[in-house]
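**Q** Residue 70 is where the sequence shown starts when you use the working numbering, and the numbers rise one by one after that. Heads up, the beta-carbon is just placed ideally off N, CA and C, and yes, glycines get one too. Bear in mind that the values here come from a model prediction, so they are computed numbers and not experimental data.
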Amino acid sequence: MSEKKILIFYGTRYGATEGVAGKMAELIREKGSQAEVYNLKDLPDDRIPDFSNYDGILIGSSIRIGQWTRDVKKFIGNKAEELNKFKGKKGFYVCSGYASNPDTYEKVKVEYTTDACEKLGVKKLDLFDAFGGLMDFTDTSRMGWLEKKILKKAAKQTTGESAEDDSYTDLRDWDQIEKFTLEFLGKL
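Laid out in structure tokens, this is it:
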């Protein structure tokens, strides 16, 4: 496989999507290609790289209460026309606790990726998926007390078990993430 250049953009709330973006970049580099990773929260519009210099674009967002991060939504909305004209491949993923539940996985995968992108004007994704999230109730968590309370309720619905205070559960399937990344590379 010849060296390819891939952009990875993401929006994260609690770190799950950021971790996935980092793992994807690592895998891409291990396969001899280049990966540039950008947190959309920290990327001003005038610093967004020119898509035409890349072979592929991966975009990821966390999901909270059925919504992407504000930064991803703004990015997709503002760049829909440019993304539609992009000659390379486009992939999209989300991180959601509900994606780790086999009963809700397919719904999350379609509604929060292709369906949501289409609503903002992005017509075609070459690859999309949904990964589990993080259930981080530790003192160092990025969540506030209200978010922890809401997520504990969601954790009970997702796993059937109550989440303990100061617990940390990673619901991301790293084999699934690797397969997605390698499949994306194979499409380039």
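Within its chain, find whatever has a CB closer than 6 Å to the CB of VAL106; leave out the 5 residues flanking it on each side and keep chain order.
**A** By one-based count along the sequence shown, residue 106 stands at place 37. Only ILE77, ALA90 and ALA94 meet the Cβ criterion.
**Q** So what's LEU109 in DSSP terms, helix, strand or just coil?
**A** In the sequence shown, the residue the question calls residue 109 occupies position 40. Three-state DSSP puts LEU109 in a helix.
**Q** Would you list the one or two residues that DSSP bridges to LEU203?
**A** Within the sequence shown, residue 203 is the residue found at index 134, counting from 1. In the DSSP output, where bridge partners are listed per residue, LEU203 has ASP239.
**Q** Considering only the alpha carbon of each residue, which of ILE145, LEU203, LEU194 and ASN147 lies closest to TYR167?
**A** Here the question's residue 167 lines up with position 98 in the sequence shown. Nearest C-alpha to TYR167: LEU203.
**Q** Could you check what DSSP says for ASP198 in three-state terms: helix, strand or coil?
**A** Taking the first residue of the sequence shown as 1, we reach residue 198 at position 129. In this structure, ASP198 counts as strand in the three-state DSSP scheme.
**Q** Would you give the residue range spanned by the alpha helix (DSSP H) that GLY88 belongs to?
**A** The residue you call residue 88 lines up with position 19 of the sequence shown. Note, GLY88: alpha helix (DSSP H), 85-99.
**Q** Whole-angstrom Cβ separation of TYR174 and ALA199, contact assumed at under 8 Å?
**A** Position 105 of the sequence shown, counted from the start, is the residue given in the question as residue 174. Position 130 of the sequence shown, counted from the start, is the residue given in the question as residue 199. TYR174 to ALA199, Cβ: 6 Å. Contact.
**Q** In its own chain, which residues sit with a C-beta less than 7 Å from the C-beta of GLU180, not counting the 5 before and 5 after it?
**A** Taking the sequence shown and counting its residues from 1, the one referred to as residue 180 is at position 111. Closer than 7 Å at the Cβ level, and outside the excluded window around GLU180, lies no residue.
**Q** Tell me which residues share the same chain as PHE155 and place their Cβ nearer than 7 Å to its Cβ, disregarding the 5 neighbours each side in the sequence.
**A** Counting from 1 along the sequence shown, the entry for residue 155 is found at position 86. Hits under 7 Å: PHE120 and ILE126.
**Q** On the DSSP letters alone, give me the boundaries of the alpha helix (DSSP H) that VAL177 sits inside.
**A** Your numbering for residue 177 matches position 108 in the sequence shown. Run containing VAL177: 174-178, per the alpha helix (DSSP H) assignment.
**Q** Go to VAL141, then tell me how far its alpha helix (DSSP H) extends in each direction, as first and last residue.
**A** Position 72 of the sequence shown, counted from the start, is the residue given in the question as residue 141. Segment 139-154, the alpha helix (DSSP H) holding VAL141.
**Q** I need the straight-line Cα distance from LEU196 to GLU216, nearest angstrom please.
**A** To locate residue 196, count along the sequence shown from 1; it is residue 127. To locate residue 216, count along the sequence shown from 1; it is residue 147. The straight-line gap from Cα to Cα measures roughly 31 Å.
**Q** State the start and end residues of the unbroken beta strand (DSSP E) segment that holds LYS159.
**A** For this step, residue 159 is matched to residue 90 along the sequence shown. Note, LYS159: beta strand (DSSP E), 158-164.
**Q** With DSSP collapsed to three states, give me the class of TYR79.
**A** Locating residue 79 in the sequence shown gives position 10, counting from the first residue. Strand, per DSSP.
**Q** Compute the beta-carbon to beta-carbon distance between SER130 and TYR79, rounded to the nearest angstrom, for a pair I have assumed lies under 8 Å.
**A** Counting from 1 along the sequence shown, the entry for residue 130 is found at position 61. Counting from 1 along the sequence shown, the entry for residue 79 is found at position 10. Yes, they are in contact, since the Cβ atoms of SER130 and TYR79 sit about 7 Å apart, within 8 Å.
**Q** Three-state secondary structure (DSSP) at LEU61?
**A** Residue 61 cannot be examined here, being either before or after the span of the chain that is shown, 70 to 257.
**Q** Thinking C-beta only, is SER169 closer than 9 Å to ASP244?
**A** Here residue 244 refers to the residue found at position 175 of the sequence shown. Here residue 169 refers to the residue found at position 100 of the sequence shown. Contact: no.
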